[in-house]
Amino acid sequence: MTNFAARLTKVAQQPEVFQQFGRGVERETLRYTPDGAIAQTPHPTALGSALTNNWITTDFAEPLLEFITPVSNQVPVLMSQLADIHHFAQSKMGEEKLWPMSMPCYVGSEDDIELAQYGRSNSGRMKTLYRTGLKRRYGSLMQIISGVHFNFSFPDSFWDALYGEQDDEQRQATKSDAYFAVIRNYYRFGWLIPYFFGASPALCSSFLRGRESKLPFENIGQTLYLPYATSLRLSDLGYTNNAQSALKIGFNSIEQYLQGLNQAIRTPSDEFAKLGVKVDGEYRQLNSNVLQIENELYAPIRPKRVAKSGEKPSEALGRGGVEYIEVRSLDVNPFSPVGITEQQVRFLDLFLTWAALSDSDPMDGCELECWRDNWSKVVLEGRKPGLELQIGCHGEKLSLQNWAKRVFADLAQIAELMDAAQGGSAYQDVCRELQGWIDHPERTLSAQILAMTKQMGGLGKTGCALGLKYRQHNLDHQYEVYSQQVMEQEVVRSVAAQAEIEQQDELDFDAFLQHYFAYLK
Numbered sequence: 017m018t019n020f021a022a023r024l025t026k027v028a029q030q031p032e033v034f035q036q037f038g039r040g041v042e043r044e045t046l047r048y049t050p051d052g053a054i055a056q057t058p059h060p061t062a063l064g065s066a067l068t069n070n071w072i073t074t075d076f077a078e079p080l081l082e083f084i085t086p087v088s089n090q091v092p093v094l095m096s097q098l099a100d101i102h103h104f105a106q107s108k109m110g111e112e113k114l115w116p117m118s119m120p121c122y123v124g125s126e127d128d129i130e131l132a133q134y135g136r137s138n139s140g141r142m143k144t145l146y147r148t149g150l151k152r153r154y155g156s157l158m159q160i161i162s163g164v165h166f167n168f169s170f171p172d173s174f175w176d177a178l179y180g181e182q183d184d185e186q187r188q189a190t191k192s193d194a195y196f197a198v199i200r201n202y203y204r205f206g207w208l209i210p211y212f213f214g215a216s217p218a219l220c221s222s223f224l225r226g227r228e229s230k231l232p233f234e235n236i237g238q239t240l241y242l243p244y245a246t247s248l249r250l251s252d253l254g255y256t257n258n259a260q261s262a263l264k265i266g267f268n269s270i271e272q273y274l275q276g277l278n279q280a281i282r283t284p285s286d287e288f289a290k291l292g293v294k295v296d297g298e299y300r301q302l303n304s305n306v307l308q309i310e311n312e313l314y315a316p317i318r319p320k321r322v323a324k325s326g327e328k329p330s331e332a333l334g335r336g337g338v339e340y341i342e343v344r345s346l347d348v349n350p351f352s353p354v355g356i357t358e359q360q361v362r363f364l365d366l367f368l369t370w371a372a373l374s375d376s377d378p379m380d381g382c383e384l385e386c387w388r389d390n391w392s393k394v395v396l397e398g399r400k401p402g403l404e405l406q407i408g409c410h411g412e413k414l415s416l417q418n419w420a421k422r423v424f425a426d427l428a429q430i431a432e433l434m435d436a437a438q439g440g441s442a443y444q445d446v447c448r449e450l451q452g453w454i455d456h457p458e459r460t461l462s463a464q465i466l467a468m469t470k471q472m473g474g475l476g477k478t479g480c481a482l483g484l485k486y487r488q489h490n491l492d493h494q495y496e497v498y499s500q501q502v503m504e505q506e507v508v509r510s511v512a513a514q515a516e517i518e519q520q521d522e523l524d525f526d527a528f529l530q531h532y533f534a535y536l537k
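Read the sequence shown against this note's numbering and you will find it ends at 537, with the numbers running on by one and no gaps.
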């Protein structure tokens with residue numbers, strides 16, 4: 017029996033394990049106008065405070081909404097929460113709609129993108145200043161690319177089944193090690209996610225205005241595309257940071273990861289120093305280090321722990337170990353009114369469980385480069401016939417199809433046990449469906465959206481047609497988990513919470529920043 021099969025057998029003896037996964041979704045989406053351009057209006061006041069609303073906030077820019085679900089143990093509940101939040105937000109937006117793709121709609125110029133505003137408090141001003149730094153470092157266009165983040169945790173019963181009873185200290189160490197093993201396997205095989213669900217093979221030519229690209233783009237009117245691309249959002253054109261590529265942040269242990277991260281936020285950048293930090297009394301960025309703060313580290317997956325008040329993410333991890341993981345490589349699904357489908361969530365359940373139960377050797381720098389190369393191939397030409405990938409530095413190469421089939425042989429076993437535990441055949445259905453996509457790349461999301469874009473004569477027309485349809489769908493939706501009253505109460509609570517934060521500030525902004533970054537000294 018393989019190690020994978022032995023671990024799966026152990027876990028399957030406690031079928032309730034498969035009913036207790038923790039899941040949450042964060043979905044980003046641009047507000048846009050009836051003519052298909054980015055909205056110029058501020059964050060709608062009817063949605064409450066972007067600083068403190070638990071479900072509806074903004075990301076980089078005022079028009080870039082972010083919808084956040086709480087943690088749920090049931091997939092249908094998670095999807096209903098997301099649908100309820102979309103319904104409420106759309107009902108407060110007038111004629112504006114939600115852009116249904118990862119790559120932005122038409123943007124006339126970078127000046128059309130207003131940075132997100134969070135009020136007068138020091139913490140609110142710091143959030144906006146962080147975004148000012150991002151704008152100066154990378155430009156605003158890269159920052160308004162949208163994605164879907166999937167937060168996932170295994171229940172205590174999962175660890176009990178694998179490791180037996182442990183005291184708190186042992187369990188914390190075991191869980192952290194296990195989550196880092198998942199992260200390493202995600203880097204090795206997570207390219208399956210852009211292969212199946214990448215949905216940004218094309219972009220509006222306004223996105224590249226004034227920027228050079230060596231990619232061999234073809235065009236449909238004002239739309240640029242690569243014939244076999246899956247996710248330009250994950251390519252060097254998208255949400256990446258060249259200054260970070262030199263960082264050597266390892267994933268072999270929580271200690272190694274935190275050491276690398278702490279070094280990165282303390283490493284000065286000559287390039288960013290040229291921008292200045294405070295010039296003529298005006299702040300341009302939080303500091304001139306490679307990372308202004310930890311959140312600036314762009315990664316396809318992150319280890320996470322809920323932080324206490326005033327605690328930084330790495331401090332939370334150091335204190336309590338890894339609590340959950342954040343999967344960050346999902347494009348917005350243009351065929352879903354809420355940006356993600358139940359099918360995708362169930363695939364991630366299967367894949368992350370597989371990544372936890374499979375062997376996961378330590379990763380050296382050579383292997384890190386290898387997976388970077390594999391991901392790059394898949395995001396730029398993942399649907400190319402005969403595309404070969406290598407796993408590890410020993411030269412073994414296999415076609416993407418053969419690698420995928422090896423993984424799916426294991427996923428099918430997990431799917432059977434998950435369905436046995438929960439009733440029905442939902443997980444096996446997902447497995448069978450996606451297995452069919454391995455040899456039929458034309459069924460993948462990227463192929464489908466590219467075909468639709470060609471048919472409609474461009475990305476702008478495609479996005480507007482889908483956005484219009486989803487506007488009506490989201491408006492017609494009836495609450496399933498929340499209610500109008502609950503959503504309105506959160507709006508009122510968030511506005512009061514922001515006012516309270518603003519009243520409690522005692523330090524001026526300079527002193528606040530000095531205090532916040534004292535740990536870097």
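Each residue gets a CB set at the ideal place from its N, CA and C atoms; glycine is no exception.
Within 10 Å of its beta-carbon, does VAL502 have 16 or more other beta-carbons around it, so buried, or fewer, so exposed?
exposed
Among the candidates ALA280, SER65, PHE525 and SER192, whose CA atom is the shortest distance from the CA of GLY297?
PHE525
Under DSSP, the beta strand (DSSP E) around ASN303 begins and ends at which residues?
That residue, ASN303, is in no beta strand (DSSP E); it is neither H nor E in DSSP.
Note down, in chain order, each residue of its chain lying with its Cβ closer than 8 Å to the Cβ of ASN70, except the 5 sequence neighbours on either side.
ILE84, PRO86, GLU506 and SER510
For ALA53, the three-state DSSP class (helix, strand or coil):
strand
Inspect the beta-carbon positions of VAL93 and VAL497 and report whether they are closer than 9 Å.
yes
Only counting runs of 3 or more residues, tell me where the beta strand (DSSP E) segments fall wholly within the stretch 370 to 418, in order along the chain.
404 to 406 and 413 to 415
Take GLU78 and list the residues in its own chain whose beta-carbon comes closer than 6 Å to its own, dropping the five residues that flank it on each side.
PRO58, HIS59, GLU130 and ALA132
Taking the alpha carbon of ARG147 as the reference point, which residue from ALA194, VAL361 and ILE309 has its own alpha carbon closest?
ILE309
By the 10 Å Cβ neighbour count, where 16 or more other Cβ atoms means buried, how is PRO401 classified, buried or exposed?
exposed
Assuming SER392 contacts GLU404 (C-beta within less than 8 Å), just tell me the rounded distance between them.
The pair is not a contact, with the Cβ atoms about 13 Å apart (cut-off 8 Å).
My assumption, with CB atoms under 8 Å, is that ASN303 sits in contact with VAL293. Please give the rounded CB distance.
6 Å
Out of GLY476, ARG153, GLY38 and ASN268, which has the shortest C-alpha to C-alpha gap to ALA218?
GLY476
Beta-carbon proximity check, ASP176 vs GLN30, cutoff 9 Å:
yes
Pull up the DSSP beta-bridge partners for LEU131, would you.
ALA77
Taking buried to mean at least 16 other C-beta atoms within 10 Å of its own C-beta, is GLY206 buried or exposed?
buried
Under the rule that 16 or more other beta-carbon atoms within 10 Å means buried, what is ARG487, buried or exposed?
buried
Beta bridge counterpart(s) of GLY12 as assigned by DSSP
In the structure as shown, the chain starts at 17 and stops at 537, and residue 12 therefore has no counterpart that could be examined.
Counting only runs of 3+ residues fully inside the stretch 187 to 226, write out the beta strand (DSSP E) ranges in chain order.
218 to 220
Do you know whose CA, among TYR535, THR45 and THR49, lies nearest GLY326's CA?
TYR535
Going by beta-carbon coordinates alone, are GLN359 and LEU450 separated by less than 9 Å?
yes
Burial state of SER125, where buried means 16 or more other Cβ atoms lie within 10 Å
exposed
Between the alpha carbons of GLU339 and ALA105, how many angstroms are there, rounded?
30 Å
At the level of alpha carbons, what is the spacing between ILE236 and CYS121?
15 Å
Bridge partners of THR45, per DSSP?
LEU81
Considering only DSSP beta bridges, list what PRO457 is partnered with.
Answer is none; PRO457 lacks a bridge partner.
GLN500 to GLY266, Cα distance in whole Å?
46 Å
At a cut-off of 8 Å, is ARG47 close to the ligand MG when judged by its beta-carbon and the heavy atoms of the ligand?
This structure lacks the ligand MG, and indeed carries no ligand of any kind.
Going by DSSP in three states, ARG136 sits in which element: helix, strand or coil?
coil
Compare the Cα-Cα distances from PRO350 to each of ASP377, ASP286, GLN464 and SER65 and report the closest residue.
GLN464
Among LEU248, LEU427 and VAL306, whose alpha-carbon lies nearest the alpha-carbon of GLY276?
VAL306
Ordered along the chain, which non-local residues of its own chain (more than five positions away) have a Cβ less than 6 Å from that of GLY140?
LEU67 and TYR134
Top-ranked residue by Cα proximity to PRO210, from SER374, TYR195, ARG249 and SER221:
ARG249
Alpha helix (DSSP H) segments (min. 4 residues) lying fully within the stretch 511 to 537
525 to 532
When DSSP labels each residue in this structure, what does ARG152 get in the three-state scheme?
helix
Among THR49, ASP521, GLY149 and MET119, which one has its Cα closest to the Cα of ASN311?
GLY149
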